[in-house]
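Protein chains in written order, with this note's numbering: chain A, 1 to 138; chain B, 1001 to 1138; chain C, 2001 to 2138.
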């Protein structure tokens, strides 16, 4: 095995980019495909969400409040643990146009900590944690 | 040919980064160099703009309204079609300081869909489409 | 030597991502590790700051005014000069929650020009320049 993890770096980056694209384009099949079936999701509410199915339902419901959204991502810091595990730190600035009151924006500045595993279907998020820096409705 | 498209991924990324750098530094030679001669540009106004020359003139004119600008880009989702074609999805948050009224900011949140082709002079944008999520003057 | 600089591109990107992570997580060891001992820092104030020690002290002091921060980075334009030198252009949108008045945000839109050198300890920033596009307290 080469020490060059560039192909894995892009694969891991693409999972996060698909996460953003999936949610912003309301392509929930693309979005769901980012996660392992037994993903654990922490920090989006008081309760941990367990499992891809429950998480995608949660997000689908949350999106009903919003018009257009944009999840602007930064580059990732990635730490590999062996060949098949990676921890990814990604800054996000999430724009959400509110339906009520119309035209108002909810901006969330946050950091994702996403633990990924390599599977036969590609890298998948096994644990996903949101750390909020702050929010503003404006 | 290796399956590792990392070098192409960076080359494609650099086209988008040069697009942002070119416009923000008002280096219209760098900016023009991102495009194929016969580029088609869609979504920046009611009309499609055809050709690099017409597009660079359009942008040069549009910039006259603005002081400093910043085109903050996200990472790209890239789909290659064979060896020499790529479709790139890039989120952008475009900051424009207005000259009038001075100090006011026009922010555009949008997504670029950029179809690129490999040429003897490197990857070039052959079709460039803007999908706006929203704008705010503030 | 291969022409594929992908591994170096990711290494250079990781320096900038560590810069952002270090300052935002207040991990000043990670932050300091991004710089050469004799780094020259330009554009953050009227005076050039010379040396890693002085610079990290400056930043540590400046952070006392702020609650949470986020340094959202764009992708980098990188120009290599031989094997061991690189000039990196990185857009940044820096969010700073002010302690006084509480809840107010200072946003800085800027570009980093970071000259790096390869050392036995990895790529390090040898000269770091900030070019501001503008700031807003809101």
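Don't be surprised by glycine CBs; every beta carbon is placed ideally from N, CA and C. Here the structure is a predicted model, which is why all the values come from computation and not from measurement.
C-beta atoms of residue i and residue j nearer than 7 Å
i                       : j                       : result
residue 48 of chain A   : residue 28 of chain A   : no
residue 68 of chain A   : residue 1133 of chain B : yes
residue 24 of chain A   : residue 2072 of chain C : no
residue 2109 of chain C : residue 2012 of chain C : no
residue 2015 of chain C : residue 2128 of chain C : no
residue 2111 of chain C : residue 2131 of chain C : yes
residue 1030 of chain B : residue 1018 of chain B : yes
residue 1004 of chain B : residue 7 of chain A    : yes
residue 2070 of chain C : residue 2095 of chain C : yes
residue 1020 of chain B : residue 1056 of chain B : no
residue 2065 of chain C : residue 1010 of chain B : no
Chain-ordered chain B contacts of residue i [CB-CB under 8 Å]
i                     : result
residue 75 of chain A : 1075
Contact set between residue i and chain B, taken where Cβ atoms lie within less than 9 Å
i                       : result
residue 2103 of chain C : Neighbours of residue 2103 of chain C on chain B: none; closest Cβ ~17 Å, over 9 Å.
residue 2081 of chain C : Per Cβ cutoff of 9 Å: no residues; residue 2081 of chain C is ~16 Å from chain B at best.
Bridge partner(s) assigned by DSSP for residue i
i                       : result
residue 2124 of chain C : C:2117
residue 1946 of chain C : This structure leaves residue 1946 of chain C out entirely; chain C is present only between 2001 and 2138.
residue 112 of chain A  : A:90, A:130
residue 70 of chain A   : A:95
residue 1950 of chain C : Outside the displayed span of chain C (2001 to 2138) sits residue 1950 of chain C, for which this structure offers no information.
residue 26 of chain A   : DSSP lists no partner for residue 26 of chain A.
residue 2136 of chain C : C:2107
residue 2076 of chain C : C:2090
residue 1015 of chain B : Answer is none; residue 1015 of chain B lacks a bridge partner.
residue 2040 of chain C : C:2050, C:2127
Beta-carbon neighbours of residue i, restricted to chain C and to distances below 9 Å
i                     : result
residue 93 of chain A : 2070, 2072, 2093, 2095
residue 43 of chain A : Chain C residues near residue 43 of chain A: none, gap ~14 Å exceeds 9 Å.
Interface partners of residue i on chain A, CB under 7 Å
i                       : result
residue 1109 of chain B : 70, 95
residue 1024 of chain B : By Cβ distance, chain A contributes nothing, its closest Cβ being about 17 Å from residue 1024 of chain B, past 7 Å.
Contacts of residue i in chain C (Cβ-Cβ under 7 Å)
i                       : result
residue 1086 of chain B : Those do not exist, as residue 1086 of chain B stays about 15 Å from chain C at its closest Cβ, beyond 7 Å.
Within chain A, partners of residue i - CB distance below 9 Å
i                       : result
residue 1051 of chain B : Here the premise fails: no neighbours, minimum Cβ distance about 29 Å.
Partner residues on chain C for residue i, Cβ-Cβ distance less than 8 Å
i                       : result
residue 1021 of chain B : 2077, 2089
Under 8 Å by beta carbon: chain A residues contacting residue i
i                       : result
residue 1004 of chain B : 6, 7
Chain-ordered chain B contacts of residue i [CB-CB under 7 Å]
i                       : result
residue 2134 of chain C : 1068, 1097
Could you tell me whether the stretch 2078-2094 of chain C touches the stretch 2114-2127 of chain C, where touching means 3 or more Cβ pairs closer than 8 Å?
As far as the Cβ criterion goes, the stretch 2078-2094 of chain C touches the stretch 2114-2127 of chain C, which means the pair count is three or higher.
Three CB pairs or more closer than 8 Å across the stretch 1031-1045 of chain B and the stretch 2101-2109 of chain C
The stretch 1031-1045 of chain B vs the stretch 2101-2109 of chain C: no contact.
So does the stretch 2093-2102 of chain C actually touch the stretch 1030-1037 of chain B, counting three or more Cβ pairs closer than 8 Å?
Between the stretch 2093-2102 of chain C and the stretch 1030-1037 of chain B, the count of Cβ pairs shorter than 8 Å is below three; the stretches do not touch.
Output needed in chain order: residues of the stretch 2007-2018 of chain C with a Cβ under 9 Å from some Cβ in chain A.
Cβ contacts with chain A come from 2007, 2009, 2010, 2013, 2014, 2016, 2017, 2018.
Of all the residues that make up the stretch 1109-1128 of chain B, which are near chain A by a beta-carbon distance shorter than 9 Å?
For the stretch 1109-1128 of chain B, which is checked against every Cβ of chain A, the residues closer than 9 Å are 1109, 1110, 1111.
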